[in-house]
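Worksheet: one structure, shown below.
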Amino acid sequence: MSTTTSENSLKNWSLLVILTLIWGTSFILIKRGLEVFSPGEVGAYRMVAAASLLLPLSLPRIKHLNKTQVKNLLLAGMLGSFIPAFLFPLAQTQLSSSLTGVLNALTPLFVVLVGGAFFNTKITNRNAIGLVIAFVGVVILVAYKESGGWDSLAGINAYALFVIAACICYSFNLHVIKTRFTKLKSIEISSISLLMILPLALIYLFAGTDFSYKLATHPQAWEALGYVTILGMVGTAAGLILFNIMVKSASPFFASLVTYTIPIVAIMWGVLDGEVLLFGHYIGIAAVILGVWVGNKK
Numbered sequence: 001m002s003t004t005t006s007e008n009s010l011k012n013w014s015l016l017v018i019l020t021l022i023w024g025t026s027f028i029l030i031k032r033g034l035e036v037f038s039p040g041e042v043g044a045y046r047m048v049a050a051a052s053l054l055l056p057l058s059l060p061r062i063k064h065l066n067k068t069q070v071k072n073l074l075l076a077g078m079l080g081s082f083i084p085a086f087l088f089p090l091a092q093t094q095l096s097s098s099l100t101g102v103l104n105a106l107t108p109l110f111v112v113l114v115g116g117a118f119f120n121t122k123i124t125n126r127n128a129i130g131l132v133i134a135f136v137g138v139v140i141l142v143a144y145k146e147s148g149g150w151d152s153l154a155g156i157n158a159y160a161l162f163v164i165a166a167c168i169c170y171s172f173n174l175h176v177i178k179t180r181f182t183k184l185k186s187i188e189i190s191s192i193s194l195l196m197i198l199p200l201a202l203i204y205l206f207a208g209t210d211f212s213y214k215l216a217t218h219p220q221a222w223e224a225l226g227y228v229t230i231l232g233m234v235g236t237a238a239g240l241i242l243f244n245i246m247v248k249s250a251s252p253f254f255a256s257l258v259t260y261t262i263p264i265v266a267i268m269w270g271v272l273d274g275e276v277l278l279f280g281h282y283i284g285i286a287a288v289i290l291g292v293w294v295g296n297k298k
């Protein structure tokens with residue numbers, strides 16, 4: 001392996017670890033935000049916080065774009081940020097933060113399906129084996145109940161469909177970034193795509209919700225706002241920049257593997273918050289890690 005290839009591989013794996021920590025923490029932050037705000041308020045303010053942080057980067061760059069790039073960036077902003085930002089809090093009104101983090105790991109399956117159906121991409125046998133092993137780990141994590149036994153996936157209520165919808169959005173966005181932004185830098189994709197959806201988030205937040213009233217009257221509003229601010233600025237703004245760097249450097253499949261490792265951090269936060277982690281959960285986590293390793297072993 002050449003020095004350049006080795007350095008690139010190290011960079012990609014480092015980004016995977018950092019993003020795992022950032023996005024694995026997102027679900028507990030959403031949970032804290034929902035203690036005061038509605039799902040829509042959490043999603044909209046998350047976008048406002050993220051886009052506002054990147055305004056110094058996005059505003060000077062937007063004037064250099066053509067109409068096609070603007071349309072593609074709006075699409076990326078909707079698929080990769082705006083729509084999922086509303087879907088996850090909505091799901092967490094009925095699902096635990098741990099389970100939501102686990103279900104998020106379904107994204108690589110949809111990356112494969114969307115890639116094959118719409119983008120003419122292929123997956124290697126090793127990638128497929130790793131994906132299957134990791135998916136088995138996800139199934140174990142979902143099916144193992146607190147009573148210490150196994151249950152069918154029927155135990156997941158319909159709110160899990162909101163997480164699945166978000167996973168589909170992410171999978172389309174992965175391929176959009178990889179195929180339509182070969183001439184744009186990662187920082188431009190991240191900052192401008194968020195700028196595109198900022199007006200929508202602001203209009204919804206201040207014209208369609210009780211966000212301002214809650215800030216003025218709820219005793220825990222500012223604490224919850226702090227959690228969602230971290231969620232937006234770190235989990236979305238910084239996370240998107242790092243993720244887009246990884247997508248452009250690695251394959252869409254490798255980039256999507258972060259959703260296999262996110263559940264590990266999400267579950268750990270859940271345990272600290274009183275959610276139960278049992279023996280079966282450890283088996284599932286081990287399968288997830290093994291799948292990631294097998295799918296990317298040279």
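Every letter in the sequence shown is one number past the one before it in our numbering, and letter 22, counting from 1, is 22. All C-beta atoms in this analysis are idealised placements derived from N, C-alpha and C, irrespective of residue type, glycine included.
If you draw a straight line from the Cα of Asn173 to the Cα of Ser212, it comes to about 32 angstroms.
Distance from the Cα of Met246 is smallest, within the candidate group Phe118, Leu59, Ser190, for Ser190. By the Cβ rule, the stretch 4 to 21 counts as touching the stretch 252 to 268, because three or more pairs are nearer than 8 angstroms. DSSP, read as helix, strand or coil, puts Gly274 in coil. Residues Ala105, Ala134, Val288, Val292 of the same chain have their beta carbon placed closer than 6 angstroms to that of Tyr260, with the five preceding and five following residues left out of the count.
A residue is called buried when at least 16 other Cβ atoms come within 10 angstroms of its Cβ; Phe206 does not meet this threshold and is exposed. The stretch 5 to 47 is shown to contain whole alpha helix (DSSP H) runs of 4 or more residues at 26 to 33, in chain order. Below 8 angstroms, enough C-beta pairs join the stretch 52 to 63 and the stretch 182 to 196 to call them touching: three or more. In terms of Cα proximity to Ala117, the closest of Val132, Gly137, Ile22, Ser171 is Ser171. By the criterion of at least three beta-carbon pairs nearer than 8 angstroms, the stretch 215 to 235 is not in contact with the stretch 108 to 116. The shortest C-alpha to C-alpha distance from Ala51 to any of Ser26, Phe82, Gly115 is the one to Phe82. Pro219 sits in coil when the DSSP states are folded into three classes, being neither helix nor strand.
Gln92 sits buried, since 16 or more C-beta atoms from the chains shown fall within 10 Å of its C-beta. Between Trp269 and Phe27, the beta carbon gap of about 7 angstroms places them in contact (Cβ cut-off 8 angstroms). Between the alpha carbons of Thr124 and Thr209 lies a gap of roughly 47 angstroms. If you compare the alpha carbons of Asn8, Ile30, Ser9, Lys11 with that of Val234, the shortest gap goes to Ile30. Shown here for Ala44: same chain residues with a beta carbon closer than 6 angstroms to its own, the five before and five after excluded, namely Ala201, Tyr204, Leu205 in chain order.
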